[in-house]
Ligand SMILES: [Zn+2]
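Chains as they are written, first to last, in the numbering used here: chain A, 681 to 775; chain B, 172 to 1155; chain C, 91 to 293.
Shown next as structure tokens:
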């Protein structure tokens, strides 16, 4: 299968590692609601159809990606850098 | 009997003769022959015995669908069972043996099964070998396997090499028959990158075995023109002897290239087979169609074969299928075969056609019996004649013939299109299944799509390529198909000759007869998948290629359902059997996986190191001197380090360069302990948790500069920790300005340990003050050694001794090792290996892999005090869960035998007096060793309420090895509990 | 007591020392593959600090004439391979030990992490008319000239080993940059397949 890495372009799927569901968001407060932490650490959806997953282009540019994959057909609808989910402040250019 | 070779014709090279052996007899053939055609030319028609009834069998087909003509090919370590004689290219020195025949093909003891056949109906395995259950393994299975087994695999190591590779193309054309050739031609002219794969040694498909002209000339003249144009084009790869066997997600195809199977043995530099993974933007299946046998009494007698097989024998191989050849046809293609055979000089006996309507086609120089069927055949080991029933007149006709060709219609080769779940679709007009909807990425053309006439084949291929070109932005120029005469291609299916006498076979390979199917249906196996499993129809090496559709059509008839309602069984990859060697590719023996070698690898070998695998790394276990075994060497090495000084390669530890303005904050978040107070020039032990709170990894991390750290990881987790850090930086905290880079390979690193370590180091460094005051425990410095070699020196210890680790750029590793040996010679320095290292860390109570097994917590390991409560970090929220703080949790303790005995990892601990049980279990031994320092076995164990039980005597329960003995619970730090040596 | 000070560079020992010796193995009178291990190559990894990718590009352009596009290499004496976002692998074959690292730190130190990998990565040069065919046995990426032309680079896997490929010229000549610990495995893998095409190890 070919996965189109946003940086490297078309690459065989063997170059990628898969972590899983990209939906859970790490709670901000370590002392916060234990249920929220439990959900974050253990609960994973297993949908039929579109699924956003963390993939790692470990055999290429080593970028973590969010891959939107159809779990019934394995068709990939989108591949985005995980970094872009949380954008950093704009650059202050140098003179 | 010999002399079936025709005087002319065929694609064989009559100028060269090849000698080969079959069942010990020597025969001759020509280049271009298959084993099947060469045997037929020599008059050998009995090629083996059937699986269940041991009936004599000859060849049925001319290709990979062959169910009967299975042989053991080659000998010795290259012996390969179940090889289809119809696909084996003849080569000088070929050796093959028939299967399922004992003591011989001609006289077969197992044929008695035929007489017992009423006892061997459908489901006979399940019915006969039921009781007693204990008999199954010991009696029934070996018995069945010996009597029925399909050939014998060799037990010798495979002497051949195999390869894997990846190809990419715009268009993969599967099959180089008329449709495939014209498709490839059009696509190449459009500028598409094309792969044309075909399982035969030469392109042409059925053009190789037919006379119908193309452009009013011999069909191969057109083929040669196409091939010449393809060969001169840079954008096509023509792959003969390559079978595309699987269609996978993302339009990936699996293909098997037989590089050297047509040779006696592969040339030394070539692999035998290559497993290609073909990434195709588009693919076009032009795999043609398989002819169907007819089901009538005695249809398995050698000499009864598919019409297409007889046509191939005569036209492609120049061999007469018999001296008097009859054709039994329910499809118009049978008449074409009859005419082709006639023209090739084969004597026709008759054409038998069950259809009553219409005129018999002209030009057949033999009786044509319409409205007539074959009810039975006669002959011993080969066909001698057939009994016909003229249904119009109700008369029986005895026909003398030694070959009977069956034209029962065509099954489009749909298999590849089904590999991803698409179901084939029944077409009544063709009486066949055609491919279902597979989407734009994989199209089907030619006979595989149900276009049985040649003009329709060409037209469908050109139409498909035009659409593909448009989709890929490469318009396909006008390509004119060669002129060819229209052909009659009607099929009137007759699934089963009900007037048959004797066994009428549906599945030849599994000996399933027409009576087995109603029996299965009557016993409730009405689903096609159930019928397959119960009768075994469609199983084994041919996967029902010739039998499947006949079987389910008969099932439909006996259960009174339409065929589409019965459906087909599931076709899975591969389309043909694929050698396991090809799937493994080169990854066997030394190439099983790539090996990581320390920069000290060769130096260590020169020192006498015994190397062992540690993950992908090779690491030294010990350095034997003289007659020492590993144990003696380990003991000596430990004593050397504890008494004097030793060196050990630690280059394999993961090393990660961490830098950037937020580096300290980052370390604070990935380690459970604090990092903000670590000064430049210092190292600190770090413990990493997983988000679920369990321990993940540990190591020392040093601060090399204000914003620059060097992290070390365990060897085993190095790659995982690197990926984890990247995840944290990219997905969790992209706002942190931190850059990480693996520098594991950049540095060769050696541990220098023992009471004399400082004295040795002082001689090694160029100027660094290594006094205890200037360079205390956990100091770290960037400096030079041995006259200008850049180096990093860390005062850290795994052994518990006064110790340093010295890292140099890897190309200087041997210089460093030699330098250390020189500087330490006066102190009796010696290298030590992994065994000594492991012993010393147990003596010192350092947790390692067996203790950091993913199920232990910082608290379990006695490291709970490291858990910071001042910051967030990975695992923070989970590491204080109630269960983690449960005082009953097993925690790390030391264990010593009370009265001798080997403590071993895996043994369990019991309170004295308790009966062994899961409930009574108090813990387990994680690591153990013999300690040369304490002259006793020692262990690190996890024990419930362990720290409160120091001094208690427990039962060590190890029933599989040493039985029961007594252990004393103690502090896990056995050697130097006050850590005086570390700080010396 | 330190040893007498000499130029330490002469004491370097690469992972393929003693293995990559000149030899020629023909198949039908021809060689389809050439292999070469150039002497110590300076290799430095550069990753921009957060928000400094524009700064990095600007300074690289100023110093070396061109900031390569993603998956491309640029530069002559210092070759810059753009192998990952904001990440360059920099190579020089004529620099003294440590010089390239120092040069890049000077140039980029506040805008990028600059990490010396000269000893941690090994460069193997693969050439000859059959080079692409050989690589197809090890990598799943598409190396056809129209897809992977001169100047292209890629971080990928070759025979289950992570490598950075750079196509230096149409000849074709590929530079393979591999982690040092895997260099010998990769060398064996290359030679194992080169035998099919005929090969020459260039000294
Ligand atoms: Zn990538």
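Positions of the beta carbon are idealized from the N, C-alpha and C atoms, including for glycine.
Assign residue 646(B) to one of two classes, buried (16 or more other C-beta atoms within 10 Å of its C-beta) or exposed (fewer than that). exposed
Can a CB atom of chain C be found closer than 8 Å to the CB of residue 755(A)? False, the Cβ-Cβ gap to chain C never drops below 8 Å.
Residues of its chain near residue 457(B), where Cβ-Cβ distance is below 7 Å and the 5 sequence neighbours each way are ignored: Cβ within range, chain order: 344, 345, 346, 348, 350, 351, 354, 616, 617, 619 and 632.
Cβ-heavy atom distance between residue 141(C) and ligand 1 below 7 Å? Taking the Cβ of residue 141(C) as the reference point, every heavy atom of ligand 1 lies at 7 Å or farther away.
If we count the other Cβ atoms within 10 Å of its Cβ and call it buried at 16 or more, is residue 323(B) buried or exposed? exposed
Counting contacts by CB-CB distance shorter than 8 Å, is residue 687(A) in contact with chain C? yes
According to DSSP, simplified to helix, strand and coil, what is residue 398(B)? helix
What are the residues in the stretch 727-746 of chain A lying within 7 Å of chain B by C-beta distance? 734, 736, 738, 742, 743 and 744
Backbone secondary structure at residue 724(B) - three-state DSSP: helix
On the three-pair Cβ rule with 8 Å, is the stretch 236-254 of chain B touching the stretch 677-696 of chain B? yes
Roughly how far, in whole angstroms, is the beta-carbon of residue 340(B) from the beta-carbon of residue 449(B), given that I think they are within contact range, below 8 Å? 7 Å
Close beta carbons around residue 862(B), own chain, < 7 Å, minus the five adjacent residues each side: Here the set comprises 1045, 1046 and 1049.
Residue 898(B): contacting residues in chain A (beta-carbon distance under 9 Å): 699, 734, 736, 744 and 762
So which residues put a beta carbon under 5 Å from any heavy atom of ligand 2, going in chain order? Ligand 2 is absent from the structure shown, which contains only ligand 1.
Any C-beta of chain B under 8 Å from that of residue 710(A): yes
Quick check: residue 434(B) and residue 286(C), are their CB atoms within less than 8 Å of each other? Taking 8 Å as the cut-off, the beta carbon of residue 434(B) is found no closer than this to the beta carbon of residue 286(C).
With a threshold of 8 Å between beta carbons, is residue 894(B) in contact with chain A? yes
If we define contact as Cβ-Cβ less than 8 Å, is residue 744(B) a contact residue for chain A? no
To the nearest angstrom, how far is the alpha carbon of residue 165(C) from that of residue 156(C)? Cα to Cα, residue 165(C) sits roughly 7 Å from residue 156(C).
State the CB to CB distance for the pair residue 738(A) and residue 894(B), rounded to an integer number of angstroms; the pair is presumed to be in contact (CB under 8 Å). 6 Å
Assuming residue 1103(B) and residue 809(B) make a contact with CB atoms under 8 Å, what is their CB distance in whole Å? 5 Å
Going by DSSP, what residue range makes up the beta strand (DSSP E) through residue 191(B)? 189-193
DSSP-derived helix/strand/coil call for residue 128(C): coil
Could you list the residues in the stretch 330-351 of chain B with a C-beta less than 8 Å from some C-beta on chain C, going in chain order? 334, 335, 336, 337, 338 and 339
Sorted by chain position, which residues of the same chain lie with C-beta nearer than 7 Å to residue 703(A)'s C-beta, five sequence neighbours on each side aside? 725 and 732
Interface residues of chain C facing residue 983(B) [CB-CB closer than 9 Å]: Taking the beta carbon of residue 983(B) as reference, the chain C residues within 9 Å of it are 98, 101, 102, 103 and 209, listed in sequence order.
Within the chosen definition, does the stretch 828-847 of chain B reach the stretch 946-959 of chain B through at least 3 CB pairs nearer than 8 Å? Short answer: they don't touch.
Roughly how many angstroms separate the alpha carbons of residue 986(B) and residue 100(C), rounded to a whole number? 11 Å
Going by DSSP, which residues form a beta bridge with residue 977(B)? 921(B) and 964(B)
In chain order, what residues of the same chain have a beta carbon less than 7 Å from the beta carbon of residue 525(B), not counting five sequence neighbours either side? Once the five neighbours on either side are set aside, the close Cβ partners of residue 525(B) are 501, 542, 543, 544 and 665.
Chain B contact residues for residue 117(C), given Cβ-Cβ distances below 7 Å: 440
Three-state secondary structure (DSSP) at residue 692(A)? strand
Between the stretch 995-1009 of chain B and the stretch 1134-1144 of chain B, do three or more beta carbon pairs fall short of 8 Å? no
Beta-carbon proximity list for residue 755(A), same chain, < 8 Å, skipping 5 on both sides: 749
So, at 6 Å on beta carbons, what are the nonlocal neighbours of residue 202(B) in its own chain, with the 5 sequence-adjacent residues on each side left out? 184 and 187, listed in sequence order.
Through-space distance from residue 935(B) to residue 93(C), alpha-carbon basis: Per-residue confidence for residue 93(C) stands at a pLDDT of 46, beneath the threshold of 50, marking its modelled position as unreliable; no derived number is given.
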